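Asks: In our numbering, the protein residues as written are 501 to 715.
No residue lacks a Cβ here, since even glycine has one placed at the ideal position from N, Cα and C.
Please read these numbers as outputs of a predicted model, since none were measured by experiment.
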């Protein structure tokens, strides 16, 4: 009987049945970061850890889960939470929380998504600062939502093909024209004139070709 009594009074977050612990996690207030972080770190069951991670608004704890959890689904959930915090997908979040998430993000793909999608210049630039891969920089230069982030990505590009791709494929006038200013060969200018997605870039490229013909 004494053993049964101890079983009955056992805290739910330490209950031997994962379903009980999972139900407990669902009832934890989202602002109880300390308890959610402890469960996300220590629970034996991946489903319980993942449920805790899905409610956790603590970037350092999420970064640790994304890096070190032994279960791939938990790691992915932690990355998704960091991404969503960085993009302010949850009510009540702002630039401070977004920057905190970017600061601990170590996944290049997620950083690129944040750099392209964030509506805040500071957040986009912070994400961009950690990116080195040339093709990713080119993609950000073509697609980032914020003009200053597109420009910063383009400034870091030194690869000819990626600069040409920005001039050719960016929908944004400012970035396409800035990339075009770094193109000087007739063949490239003719290519942009004939096929650029942005009409202003195509028009300027045609004008540059005409100027070459008039010299």
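Would you tell me roughly how many angstroms separate the C-alpha atoms of residue 634 and residue 573, rounded to the nearest one?
Replies: When rounded, the separation of the alpha-carbon atoms in residue 634 and residue 573 is 29 Å.
Asks: Excluding the 5 residues flanking residue 627 on each side, which residues of the same chain have their C-beta closer than 8 Å to its C-beta?
Replies: 586, 602, 605, 611, 612, 614, 615 and 618
Asks: On a CA-only basis, which of 683, 581 and 563 is nearest residue 551? Give me that one, please.
Replies: 581
Asks: DSSP on residue 646, reduced to helix/strand/coil?
Replies: coil
Asks: In angstroms with no decimal places, state the Cα-to-Cα distance between residue 646 and residue 562.
Replies: 27 Å
Asks: Closer than 6 Å by C-beta to residue 534: which residues in its own chain qualify, once you throw out the five before and the five after it? Chain order, please.
Replies: Answer for residue 534: no residue qualifies.
Asks: Mind checking which residues open and close the alpha helix (DSSP H) that includes residue 581?
Replies: 572-586
Asks: Contact defined as beta carbons within less than 8 Å: I believe residue 575 pairs with residue 584. What is the distance between those atoms, to the nearest angstrom?
Replies: Contact doesn't hold; Cβ gap of about 15 Å is too wide.
Asks: If distances are taken between C-alpha atoms only, which option among 588, 659, 520 and 658 comes closest to residue 624?
Replies: 588
Asks: On the criterion of 16 or more Cβ atoms from any shown chain inside 10 Å, does residue 668 qualify as buried, or is it exposed?
Replies: buried
Asks: Comparing alpha-carbon positions, which option in 630, 685, 571 and 629 lies nearest residue 711?
Replies: Measuring from the Cα of residue 711, the nearest candidate turns out to be 685.
Asks: Would you decide whether residue 640 is buried or exposed? Buried here means 16 or more other CB atoms lie within 10 Å of its CB.
Replies: It counts as buried.
Asks: Give the single residue among 548, 656 and 538 whose Cα lies nearest to the Cα of residue 678.
Replies: 656
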